[in-house]
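Novice: Have a look at this one before I ask anything.
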Amino acid sequence: MYKNDKVIRRYSESFKLKILDELTSGKLNKYQLGKAYGIAPTTINEWIKKYNRKDLMNTRVTVKTKDEITRIKQLQKEIEQLKKLLLKKDMDALIDDSYLEVAAEQLGYKSVLELKKKLSIKP
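In terms of this note's numbering, the sequence shown opens at residue 12 and continues consecutively.
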């Protein structure tokens with residue numbers, strides 16, 4: 012059997028809607044329906060999205076304590092501060108490179124690398 016010999020299944024609109032109706036009834040969940048009809052639960056999820064049936068999607072509820080929420084906010088602030096510091100460092104490096112380019116040009120060097128060699132600065 013070749014790689015391209017896999018079976019491609021196409022489902023009718025009425026079949027898809029039937030599966031979604033059964034899911035709505037609540038007797039079977041996505042995994043049970045998938046097993047019964049030979050359909051992957053991810054395929055059923057695609058149908059839910061296609062027919063805009065958000066009521067059938069799994070919902071995730073995260074319960075957090077106040078301490079966890081406070082800690083998350085602190086970490087988010089810290090991340091923002093670190094991003095700003097990194098941006099400042101990158102900007103400082105760009106400015107330094109620009110100064111070296113101007114200095115090399117004004118001192119008559121062919122390149123910044125040549126100036127760095129002359130001044131014993133590591134590239």
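From the three backbone atoms N, C-alpha and C, an ideal C-beta is built for every residue, glycine too.
Based on Cα-Cα distance, which residue from N40, M102, R82 lies nearest to M68?
Specialist: Checking every option, the nearest Cα to that of M68 belongs to N40.
Novice: Apply the 10 Å Cβ neighbour rule to L34 and answer buried if 16 or more other Cβ atoms are within range, or exposed otherwise.
Specialist: buried
Novice: Who are the near neighbours of R20 in its chain, counting only those whose CB is closer than 8 Å to its CB and skipping five residues on each side?
Specialist: none
Novice: Excluding the 5 residues preceding and the 5 following K38 in the sequence, name in chain order all residues of the same chain whose CB lies nearer than 6 Å to its CB.
Specialist: none
Novice: Would you identify the three-state DSSP class for R20, choosing helix, strand or coil?
Specialist: coil
Novice: According to DSSP, simplified to helix, strand and coil, what is N40?
Specialist: coil
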